[in-house]
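Engineer:
Numbering (UniProt numbering), first residue to last: 1 to 434.
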């Protein structure tokens with residue numbers, strides 16, 4: 001079915017534009033007609049004059065020239081630029097909101113919709129942004145037309161920091177119009193790292209200062225009142241050695257943690273026999289477990305379990321977990337170490353003790369640096385507070401996970417799960433087990 005009304009409208013519009021064009025070009029058309037008529041007495045055939053004048057008139061009417069051409073070209077460029085600018089805004093991963101001098105939102109990208117929510121058409125900025133600091137910043141930039149930025153912190157639902165920047169992008173300063181861009185740059189991770197670095201330096205300094213103060217105190221005592229006391233010197237030397245060993249362990253753990261952080265993104269390339277590695281760890285810790293009155297029970301699968309990894313780092317992981325189970329689960333008198341290989345879930349190593357267990361509020365923070373459930377107990381057991389942090393970094397490098405389950409009064413379970421895709425071929429170096 002043909003829409004005759006639409007066709008009639010199109011024809012009317014075309015005729016109107018053509019008549020307007022004829023009126024605009026009346027003088028050139030009249031001059032051209034005079035030249036065509038004058039060319040006939042000069043020897044030009046009438047049909048040639050008619051054809052020449054027709055070509056001349058058609059060229060004027062069909063092809064825009066002069067001001068009209070420039071206006072059409074400028075309008076097309078402005079439209080293309082506008083569409084391109086908004087397309088660029090939409091493609092940015094930085095939350096971006098474009099608004100006018102009346103603080104009405106013109107466009108927001110997907111990142112801004114995720115951060116502050118979607119604005120209705122022509123809504124005001126204050127419909128979603130309620131921070132007085134940000135709204136004051138917007139008012140200042142709209143008035144002064146000078147870019148400014150502020151830092152904004154949110155506490156609910158989670159702690160986040162953003163650098164909020166407002167800048168003018170278009171419009172005449174005197175007319176009071178134009179557009180403005182509001183952007184949010186996420187500073188949360190940077191602030192969290194700064195806080196972690198500050199806490200780490202403070203904790204490390206505190207941990208080193210305590211044994212150092214003990215050493216200095218005993219040295220001053222031996223130089224003064226206990227100068228000639230042989231029994232006191234022997235007792236003080238034993239305490240000083242213990243404190244020096246404590247500082248050495250802490251420094252070794254700090255160096256290990258630093259090395260792991262520098263290569264956390266580099267996956268290990270070696271092949272490790274998981275069963276033999278765990279057996280090596282258990283055999284080396286049996287004398288320590290016997291002194292504590294703890295029995296280590298080892299369960300291995302019937303076949304070889306190979307994974308991709310660094311054998312020295314994995315020995316450090318399992319040594320730390322088994323040693324912790326023996327020390328802190330000593331009252332349970334037993335520690336079970338189990339190696340399993342599940343096709344879908346991948347290889348797993350589980351260390352379970354039957355000691356006092358850990359309260360649930362402490363479990364999520366166990367892998368933090370210098371975090372201790374009981375400071376005095378940890379120091380008595382010669383812990384540095386960095387063992388599980390090192391375990392976490394090693395397993396992250398191996399693309400593995402540490403799952404902790406604990407029930408007060410029943411014991412704790414530490415499960416190391418490896419990715420099934422990371423299992424290697426049944427080839428391993430045997431020298432390290434000798």
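Don't be surprised by glycine CBs; every beta carbon is placed ideally from N, CA and C. These numbers come from a predicted model, not from an experiment.
DSSP three-state call for residue 332: helix, strand or coil?
Structural biologist: The residue labelled residue 332 in the question sits at position 332 within the chain shown. Helix at residue 332.
Engineer: List in chain order: all unbroken beta strand (DSSP E) runs of 3+ residues lying wholly within the segment 142-226.
Structural biologist: Listed in chain order, they are 148-154, 160-168, 179-186.
Engineer: Within 8 Å, do at least three Cβ pairs link the segment 227-238 to the segment 255-270?
Structural biologist: Result no; under three Cβ-Cβ pairs closer than 8 Å.
Engineer: Identify which residue in 229, 194, 245, 230 has its Cα closest to the Cα of residue 212.
Structural biologist: Within the chain shown, residue 212 is the residue found at index 212, counting from 1. Per the Cα distances, 245.
Engineer: Alpha carbon to alpha carbon, how far is residue 346 from residue 333? Give it in angstroms, no decimals.
Structural biologist: Position 333 of the chain shown holds residue 333. Position 346 of the chain shown holds residue 346. About 30 Å.
Engineer: Among the residues of its own chain, which have a CB less than 6 Å from the CB of residue 403, if the five just before and after it don't count?
Structural biologist: In the chain shown, counting from the first residue as 1, residue 403 sits at position 403. Closer than 6 Å at Cβ, skipping near neighbours: 415.
Engineer: Which of the three DSSP states is assigned to residue 297 in this structure?
Structural biologist: Here residue 297 corresponds to residue number 297 of the chain shown, with the count starting at 1. Looking at residue 297 - three-state DSSP - the assignment turns out to be strand.
Engineer: Is the distance from the Cβ of residue 214 to the Cβ of residue 390 below 8 Å?
Structural biologist: As a position in the chain shown, residue 214 is number 214, starting the count at 1. As a position in the chain shown, residue 390 is number 390, starting the count at 1. No, the Cβ-Cβ distance between residue 214 and residue 390 is not below 8 Å.
Engineer: With C-beta atoms as the reference, is residue 339 less than 8 Å away from residue 299?
Structural biologist: For the purposes of this step, residue 339 is taken as the residue at position 339 of the chain shown. For the purposes of this step, residue 299 is taken as the residue at position 299 of the chain shown. In this structure, residue 299 lies closer than 8 Å to residue 339 by Cβ.
Engineer: Run through DSSP, which three-state label would residue 402 get?
Structural biologist: Locating residue 402 in the chain shown gives position 402, where the first residue counts as 1. DSSP places residue 402 in strand when its eight states are reduced to three.
Engineer: Quick one: residues in its chain with C-beta nearer than 8 Å to the C-beta of residue 303, no 5 flanking neighbours on either side, listed in chain order?
Structural biologist: By 1-based counting over the chain shown, the position of residue 303 is 303. For residue 303, where only same-chain residues beyond five positions count, the Cβ hits under 8 Å are 341.
Engineer: So what does DSSP say about residue 229, is it helix, strand or coil?
Structural biologist: Indexing the chain shown from 1 puts residue 229 at position 229. It is coil, neither helix nor strand.
Engineer: Starting from the Cα of residue 392, find the closest Cα among 118, 114, 261 and give me that residue.
Structural biologist: As a position in the chain shown, residue 392 is number 392, starting the count at 1. It is 261 whose Cα lies nearest to the Cα of residue 392.
Engineer: Going by the beta-carbon positions, is the gap between residue 150 and residue 168 smaller than 8 Å?
Structural biologist: Locating residue 150 in the chain shown gives position 150, where the first residue counts as 1. Locating residue 168 in the chain shown gives position 168, where the first residue counts as 1. Contact flag unset, no.
Engineer: Use the C-beta contact count for residue 84: other C-beta atoms within 10 angstroms, 16 or more gives buried, fewer gives exposed.
Structural biologist: Here residue 84 refers to the residue found at position 84 when the chain shown is read from its first residue. Caution is warranted here: a pLDDT of 49 is assigned to residue 84, below 50, making its placement in the model unreliable, and the coordinate value is therefore given only provisionally. Result: exposed.
Engineer: Hey, out of 97, 399, 288, 325, whose CA is closest to residue 350's CA?
Structural biologist: For the purposes of this step, residue 350 is identified with residue 350 of the chain shown, where counting begins at 1. With distances taken between Cα atoms, residue 350 lies closest to 325.
Engineer: What is the DSSP secondary structure of residue 310, reduced to helix, strand or coil?
Structural biologist: Here residue 310 refers to the residue found at position 310 when the chain shown is read from its first residue. Looking at residue 310 - three-state DSSP - the assignment turns out to be coil, as it is neither helix nor strand.
Engineer: On the DSSP letters alone, give me the boundaries of the alpha helix (DSSP H) that residue 98 sits inside.
Structural biologist: What you label residue 98 is simply residue 98 of the chain shown in a count that begins at 1. It is not in any alpha helix (DSSP H) - residue 98 instead sits in the beta strand (DSSP E) that spans 96-100.
Engineer: Thinking C-beta only, is residue 335 closer than 8 Å to residue 317?
Structural biologist: Taking the first residue of the chain shown as 1, we reach residue 317 at position 317. Taking the first residue of the chain shown as 1, we reach residue 335 at position 335. No; because the gap between Cβ atoms is not below 8 Å, this pair is not in contact.
Engineer: Could you give the residue range of the beta strand (DSSP E) that holds residue 107?
Structural biologist: Position 107 of the chain shown, counted from the start, is the residue given in the question as residue 107. 105-108 is the span of the beta strand (DSSP E), which, as asked, contains residue 107.
Engineer: Apart from the five residues on each side of it in sequence, which residues of its chain come closer than 6 Å, Cβ to Cβ, to residue 420?
Structural biologist: Residue 420 sits at position 420 when you count from the first residue of the chain shown. Around residue 420: 346.
Engineer: Under 8 Å by Cβ, that's how I've got residue 185 and residue 94 pegged, so tell me the actual separation to the nearest angstrom.
Structural biologist: Residue numbering aside, residue 185 sits at position 185 when the chain shown is read from its first letter. Residue numbering aside, residue 94 sits at position 94 when the chain shown is read from its first letter. Contact holds; Cβ gap of about 6 Å.
Engineer: For residue 86, I'd like the list of residues in its chain whose CB is within less than 8 Å of its CB, leaving aside the five on either flank, ordered along the chain.
Structural biologist: Residue numbering aside, residue 86 sits at position 86 when the chain shown is read from its first letter. Taken in chain order, the residues that qualify are 98, 107.
Engineer: Taking the alpha-carbon positions, what's the residue 136 to residue 201 distance?
Structural biologist: Within the chain shown, the letter at position 136 stands for residue 136. Within the chain shown, the letter at position 201 stands for residue 201. Each residue's alpha carbon lies about 38 Å from the other.
Engineer: Locate the beta strand (DSSP E) running through residue 413, then write down its first and last residues.
Structural biologist: Here residue 413 is taken as the residue at index 413 of the chain shown, counted from 1. Taken as a continuous stretch (DSSP letters only), the beta strand (DSSP E) holding residue 413 covers 411-417.
Engineer: Could you tell me which of 417, 96, 54 sits nearest to residue 305, measuring between CA atoms?
Structural biologist: Counting from 1 along the chain shown, the entry for residue 305 is found at position 305. It is 417 whose Cα lies nearest to the Cα of residue 305.
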